[in-house]
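>
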Amino acid sequence: MQRKTINYAKYGYYFSIPFVLTFLIFSLYPLIYTTIIGFTDLRGLMRTEMNILENPFENYITIFNSPIFRRSLSNTMIIWIFNFIPQMLVALLLTAWFTNRHLKIRAQGVYKVLIYMPNIITAATIALLFYSLFGYPKGPINDLLLKLGIIDSPANFHLQKWTARGVVAFIQFWMWYGHTMIILIAGVMGINPTLFEAAEIDGASATQIFFRVTLPRLKTILLYSLITSMIGGLQMYDIPRLFLLGGPDNATLTTTVYIHNQAFSGSYLYNRAAAASIILFTIIAILSAILFYVMRDRDAVRLRKRERALRKEVRNRKREVLV
Amino acid sequence: MSVGMSKSRRGYKIIIYIVCTFLAVLSIFPFWIMVVNATRSTFQIQQSSISLFPSSFLLSNFKILMGKTFNPITGFVNSMIISTGATLGAVYVSSLTAYGLVAYNWKLRQPFFTFIMAVLMLPNVVFAIGYYQMMYRIGWTNSFWPLIFPAMATPAVVFFMRQYLLATLSLDIVDSARIDGAKEFYTFNRIIMPIMKPAIATQAIFQFVFHWNQLFLPTILLTDNTKYTMPIMVSLLRGDIYKTEFGSVYLGLALTVLPLFIVYFLLSKYIIAGVALGALKE
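Top to bottom, those sequences are chains Z and G. Take 1042 as the starting number for the first sequence in my numbering and just add one per residue. Take 2 as the starting number for the second sequence in my numbering and just add one per residue.
Structure below.
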């Protein structure tokens, strides 16, 4: 009988130790270190000794007022928006088609496999591949457009700001819409089918069903996609870095490329790069907080609240009895 | 009426198939150009950069490619070591953590889970500068360890494993193992891990691909060209020494994609299912 009273709770702590230790050493410590570097004069290759600046916020102020940093933030936002809006629209359209039970689209598996494929290919490779595809004056895209008669003379996509941004946004779109589509389809599959049947019996058209039944039920998943895509978009590095190295004239310079350039080229301004990182971190933290709020388990929160209320009541009653 | 309906529906379906086929071709087209041009000479590519059919310059392109800094074998081996190590660490420690969260009733269980959810989105970009300085101080630049160890704390995998255990694990199994005298750690390794196999396989694929494709941290930490990973090798093709060697650049890109293609077309069914699972938060 005594064996049964063994307390296993401590194993919960033991089993969490590896995760917690790894997090403390490899994430939290570097994060604090980065914050501190942001307050110091640390710059120059192979240097490690650093001193807190007279005005500790100097780097943060410099970065905030730097036109190139601001430009990098607006570039990141522009490229993200031009990738996200078409990505969502196309993914929603495909979801509507693939989940329409009356259309019975065939070979869905093949389409899904092919459309998702670019997502798992190394972004660095894709950036370089598109750099070659959009080559000037000779390149597959230029050749194709010339043959089709869309343009008369080869276009230099790499030199114009908006085509350069457009191509980066397109690559992001092309790599991610399949992913979004699969998530949305899974979301639709999770909706109770009787809802669709009831709507059909009431005489709703496929379009009405999609906008009135499907979309409102996907709200959480759509919000989740929006915020995760935004957080991912803020870290955009591989494609803008390798496609045009941030150019032309900083038109595709994203914040992460900016941080990398500050710290690992020119005069190795680790302190400035650290300050920029922490500003980026703050933006991401705010977005994550919103995501966290959206995704919180509402049922569990309600349950816990009820449990607490119940416990309180029991306590009060006990007290009453005692009195 | 009904004939008209079915006719317009057929027209609608044809449009859908055309759009879907166009999108599928759009996914393949860049890779097709890449593979074909990998077999063509720079002269041929300059004459016409689109060709549907391969040519015969694969070997000479390969010789030019290998004569310079690009080394796909080194990149492959290094990426393999890092990705395998990181995947094993991520999957094992995440399973352990998830089991701790599901099987035991401890005081800090809920706060700990909230904490994991809170750091779910912490990207390594934001602490990379501090991480680099820290690794530089202890002489770990040009080592694979700083790219493998951090994977042991991968919140997204813990979250996925926890959901899986909540749905599949019956604590009776654990209890009967205890009655048989099994130690907790033994129970986890011998009884729980086999139960989690399907979830582990899915997450292992995604973790492997994720670490294989990483560019930012490896670029910062690995400066010795014998330590370069595959994506760093790719970035070399952007350099001046390959500027006029079109065929070789395409071949180099093709070589870096090849392993991923093989993995993807063998496992695409599980990968697609895995992505879909990520959407369900039940």
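Every residue gets a Cβ at the ideal spot worked out from N, C-alpha and C, and that includes glycine. Source: prediction; values computed, not measured.
Label Arg1360 (chain Z) either buried or exposed according to how many other C-beta atoms from any shown protein chain fall within 10 Å of its C-beta, with 16 as the threshold for buried.
exposed
> Where does Thr142 (chain G) sit, in a helix, a strand or coil, going by DSSP?
Three-state result, Thr142 (chain G): coil.
> 7 Å is my cut-off, CB to CB: does Gln45 (chain G) come that close to chain Z?
no
> In chain Z, which residues lie less than 7 Å from Gly240 (chain G) when you measure between Cβ atoms?
Here the premise fails: no neighbours, minimum Cβ distance about 11 Å.
> Helix, strand or coil, according to DSSP, for Ile1192 (chain Z) in the structure here?
coil
> Using a Cβ-Cβ cutoff of 9 Å, what residues of the segment 1152-1164 of chain Z are near chain G? List them in chain order.
Tyr1152, Lys1153, Val1154, Leu1155, Ile1156, Tyr1157, Met1158, Pro1159, Asn1160, Ile1161, Ile1162, Thr1163 and Ala1164
> Taking Cβ positions, are Phe1311 (chain Z) and Ile1078 (chain Z) nearer each other than 7 Å?
Sequence inspection shows Tyr at residue 1311 (chain Z); the Phe mentioned does not correspond to that position. Yes, Cβ-Cβ distance for Tyr1311 (chain Z) and Ile1078 (chain Z) is below 7 Å.
> Name, please, each residue of chain G whose Cβ falls closer than 7 Å to the Cβ of Trp1138 (chain Z).
By Cβ distance, chain G contributes Ile17.
> Does DSSP put Ile16 (chain G) in a helix, a strand or coil?
Of the three classes helix, strand and coil, the one that applies to Ile16 (chain G) here is helix, per DSSP.
> Which ranges would you report for the alpha helix (DSSP H) in the segment 1128-1204 of chain Z if only whole runs of at least 4 residues count?
The segment 1128-1204 of chain Z contains these whole alpha helix (DSSP H) runs: 1149-1157, 1164-1174 and 1181-1188.
> Which residues in chain G sit within 9 Å of Leu1321 (chain Z), going by Cβ to Cβ distance?
Pro124, Val126 and Val127
> For Thr98 (chain G), does the three-state DSSP call read helix, strand or coil?
helix
> Could you tell me the distance, in whole angstroms, from the CA atom of Phe1211 (chain Z) to the CA atom of Leu1275 (chain Z)?
The alpha-carbon atoms of Phe1211 (chain Z) and Leu1275 (chain Z) are separated by roughly 16 Å.
> For a contact meaning CB atoms closer than 9 Å, what does Asn226 (chain G) contact in chain Z?
Result: empty, since nearest Cβ-Cβ is about 16 Å, beyond 9 Å.
> So the candidates are Z:Thr1076, Z:Met1091, Z:Thr1075 and Z:Tyr1074; which of them puts its Cα closest to the Cα of Arg1082 (chain Z)?
Note on residue identity: the sequence assigns Asp, not Arg, to residue 1082 (chain Z). Of Z:Thr1076, Z:Met1091, Z:Thr1075 and Z:Tyr1074, the residue nearest in Cα terms is Z:Met1091.
> Can you give me the start and stop residues for the alpha helix (DSSP H) that Glu1238 (chain Z) sits inside?
Pro1234 to Ile1242
> Helix, strand or coil for Asp257 (chain G) per DSSP?
Checking the displayed sequence, the identity of residue 257 (chain G) turns out to be Thr instead of Asp. Three-state DSSP puts Thr257 (chain G) in a helix.
> Note down the Cα distance separating Leu1294 (chain Z) from Arg1282 (chain Z), rounded to an integer number of angstroms.
8 Å
> Per DSSP, what kind of secondary structure is Ile1047 (chain Z) in: helix, strand or coil?
Of the three classes helix, strand and coil, the one that applies to Ile1047 (chain Z) here is coil, per DSSP.
> With a cut-off of 7 Å, does the C-beta of Asn72 (chain G) fall near any C-beta of chain Z?
By this cut-off, Asn72 (chain G) is not an interface position.
> How is Ile1093 (chain Z) classed by DSSP in three states: helix, strand or coil?
strand
> On the criterion of 16 or more Cβ atoms from any shown chain inside 10 Å, does His1220 (chain Z) qualify as buried, or is it exposed?
buried
> Does the segment 190-206 of chain G come within contact of the segment 110-129 of chain G, defined as at least 3 CB pairs closer than 8 Å?
no
> Where does Leu1332 (chain Z) fall in DSSP's three states?
The answer is helix: DSSP assigns Leu1332 (chain Z) an H, G or I state.
> In three-state terms, what does DSSP make of Thr1365 (chain Z)?
In this structure chain Z extends from 1042 to 1364, so residue 1365 (chain Z) is not present and cannot be described.
> Terminal residues of the continuous alpha helix (DSSP H) containing Arg163 (chain G)?
Pro156 to Thr169
> For chain G, find out if any of its Cβ atoms is closer than 7 Å to the Cβ of Ile1119 (chain Z); answer yes or no.
no
> How many Å lie between Phe1056 (chain Z) and Asp181 (chain G) at the Cα?
21 Å
> Indicate whether Gly253 (chain G) and Leu60 (chain G) have their beta-carbon atoms separated by less than 7 Å.
No, the pair does not count as a contact, with Cβ atoms beyond the cut-off.
> Taking the C-alpha atoms as reference points, what is the distance between Leu222 (chain G) and Ser144 (chain G)?
Taking the straight line joining both Cα atoms gives about 8 Å.
> Touch check for the segment 197-207 of chain G and the segment 109-121 of chain G: three-plus C-beta pairs under 8 Å?
no
> Val37 (chain G) and Ser50 (chain G): beta carbons closer than 7 Å?
no
> I want to verify the contact list: residues of chain G whose CB lies under 8 Å from the CB of Tyr1278 (chain Z), in sequence order.
Val126, Leu216 and Phe217
> Residues in the same chain with beta-carbon distance under 6 Å from Gln208 (chain G), minus the five sequence neighbours each way, listed in chain order, please.
Once the five neighbours on either side are set aside, the close Cβ partners of Gln208 (chain G) are Thr88 and Ala91.
> In chain order, which continuous runs of the alpha helix (DSSP H) of length 4 or greater are located wholly inside the segment 1263-1343 of chain Z?
Counting only runs of 4 or more, we get 1279-1285, 1296-1305 and 1311-1336.
> Would Leu24 (chain G) pass as an interface residue toward chain Z - the criterion being a Cβ-Cβ separation below 7 Å?
With 7 Å as the cut-off, Leu24 (chain G) counts as an interface residue toward chain Z.
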